[in-house]
Each structure stands twice: as C-alpha cells, then as structure tokens.
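Heads up, the thing below is written out as structure tokens.
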Amino acid sequence: MGALLELKGLSRRFGGLMAVSDVSLDIKPGCIMGLIGPNGAGKTTLVNLISGALKPNAGEMWFKGARIDGLPAHRISSLGVARTFQIVQPFPEMTALENVAAAAMFAGKAKSLREANARAEAMLDRVGLGGLGALAATSLSLGQRKRLEFAKSLAMQPALLLLDEVNAGLHGGEIDEAIALIRSLAKDGLTILIIEHLVKLVVALCDEVAVLHHGQLIARGPSADITNDPRVIEAYLGERYSKRSQKQQPVTDATS
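Just add 171 to the spot in the sequence shown (first one is 1) and you have the working numbering.
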C-alpha cells in the first residue's frame, strides 16, 4: 500500500538554527504514527510544515500522490489535512456548535449553513460533547476544549489528522477518554500523526513511532521496539526510563 503522506529531505531553518534537518518519512493510510523527541527537537515545526503553517527551506511533501510543499495552509487543509493545537484557542465569541460549524463551512466544504450545523452536531456527539453545542466555547473545561479541537478538525473531513500534545494538561480519566477516541477514529480509517510526551501512551497507542533529535530523524519503527533503540535511549528516554519500561505500568502514569 502506498504512502498517504511522504516527506522527502524536508528541512526548515530559523536564522542559524536548523529546526528540521533532511527529514524523510512516510505514513501509510490508516496508521497511527507517534512523533516523540526532547523539547526543541523539531516536532511541532514538522507538523507546522506538513499543515502549511510554515514553508520548508528544502525538500518535498507529497499527499495522496500530489506535491503539496509550498501550498498555503488553507489549500493543504482542503486536500484533507487537519490539525489540533497544544494550546487550544476556540473562537471566544462563538458557541461550541458555531466553532465546529465554522470549520465545516470554511475548511470542510459544507455547501450550506444547515449542512455545516448538522455536521457540527454530529462531530460534537462523536467526541462526547453532545448537548453542549449552545454553550460558549470559553465556558468549557480544558478537557472539553480539547474535545472541541477534535470536533473542529473532524468537521473538516480529513484523511490525515495531526495531533499536537492533545493530552497536555489532562488528568488520568480524560487521557483514557482521549485514547479511546483516537483509537475509534483510526478504526474508522483516519490516518493520525500524534506528537506526545507520554511515552507509555505512544507505545500503547501507535503502530509506529518516529523520533526526532536536534531536528533530525534518528529512529523510526514499530512502537514496541522503539523504546529499546540505543539511539532513542541516549537522546531522549535515558537509562532510567529503559529500566522502568521493563515493568508494567498504567498508560496514564507514563512520563517522558
């Protein structure tokens, strides 16, 4: 099966800092790919490149067989790439339903406001926010706002969903609910790239894991194997994690 997304020698420089350096990576349809690495490794920069928020200085990006590097973010989203943000920022003057309907209308190609509202209601139900659509988005709890981010992204009807630290700030029960949601989306055929610092969660959730360090891809492989890679242990996990990972722990107790 061919790749849904293919990155070829992707690089991005900020002044003298090479944030992403010659990264080549492919993601197959239906895969959950984890992206891990130390702070400053280039993870969010890579997601910004894929989504079109940033333009690469070098390299190519291919999505569904078409080259997309250099396209503006709205064009890339219209092709089927959606993302969430680590810091959730809903439209503050709008209700939860209106937030999701806006995504359906302007990025999800809804043909009418009625269709956008209907899709928004369905997506709110899908993420567990059914019945809360009339509430102001700013009145929702952090966990609910994270779910609202999911709903907004799903309303765009993506083929690829980019998740940036969706579990940051959530407690154990909320993390478990987010994991269940991500698994259900993948089961329905959605391809997912997730940045996550909870390593145990990545191992439990992802089919494959890619590891960035100083902007370079240092490892990529099945999630069950990646935590035993000496390069990953040295650059990111440390010997303490390696020893601890030999013991079974609840997913929500994991740390990087």
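We put the CB at the ideal spot given by N, CA and C, even for glycine. Just so we're clear, the structure is a prediction, and the values are computed from it rather than from any experiment.
Bridge partners - residue i, DSSP secondary structure assignment
i      : result
Ile363 : Ile203, Leu332
Gly346 : It should be pointed out that residue 346 corresponds to Ile in this sequence rather than to Gly. BP columns for Ile346 are empty, so no partner.
Glu320 : BP columns for Glu320 are empty, so no partner.
Ile198 : Leu176
Phe185 : Leu188
Arg254 : Leu333
Thr266 : Ala307
Arg116 : The structure shown does not extend to residue 116, since the chain is modelled only from 172 through 427, so no value can be given for it.
Backbone CA spacing between residue i and residue j [nearest angstrom]
i      : j      : result
Asn338 : Ser324 : 16 Å
Asp296 : Leu268 : 11 Å
Gln420 : Met204 : A caution first: Gln420 carries a pLDDT of 48, below 50, which makes its placement in the model unreliable, though a value can still be read off. In a straight line, the C-alpha of Gln420 is about 22 Å away from that of Met204.
Val218 : Gly301 : 29 Å
Gln315 : Lys282 : 28 Å
Thr266 : Ile221 : 29 Å
Ala305 : Asn288 : 12 Å
Leu341 : Glu286 : 32 Å
Ala291 : Arg318 : 13 Å
Asp359 : Asp347 : 19 Å
Asp197 : Ser182 : 15 Å
Leu383 : Ile389 : 6 Å
Ser427 : Gly343 : Caution is warranted here: a pLDDT of 39 is assigned to Ser427, below 50, making its placement in the model unreliable, and the coordinate value is therefore given only provisionally. Straight-line Cα distance between these residues: approximately 16 Å.
Ala425 : Thr398 : With a pLDDT of 40 at Ala425, under the threshold of 50, the predicted position of this residue should be treated as unreliable, though the coordinate-derived value follows. If you take the alpha carbons of Ala425 and Thr398, they lie about 13 Å apart.
C-beta atoms of residue i and residue j nearer than 8 Å
i      : j      : result
Lys199 : Ala174 : yes
Met327 : Ala278 : yes
Ile363 : Leu356 : yes
Ala253 : Gly223 : no
Pro263 : Tyr407 : no
Gly394 : Glu405 : Here the sequence assigns Ser to residue 394, which means Gly is not the residue at that position. No.
Asp193 : Gly211 : no
Pro381 : Leu176 : One detail in the question is off: residue 381 reads as Ala in this sequence, not Pro. The answer is no: Cβ separation not under 8 Å.
Val271 : Ala322 : yes
Does the count of Cβ pairs from the stretch 349-367 and the stretch 324-339 closer than 8 Å reach three? yes
Okay, do the stretch 256-263 and the stretch 222-229 touch, 3+ Cβ pairs below 8 Å being the bar? no
4-residue-minimum alpha helix (DSSP H) runs that sit fully inside the stretch 379-404, ordered along the chain: 394-397, all fully within the stretch 379-404.
For the structure I just gave you, are there three or more beta carbon pairs, one from the stretch 239-247 and one from the stretch 303-319, closer than 8 Å? no
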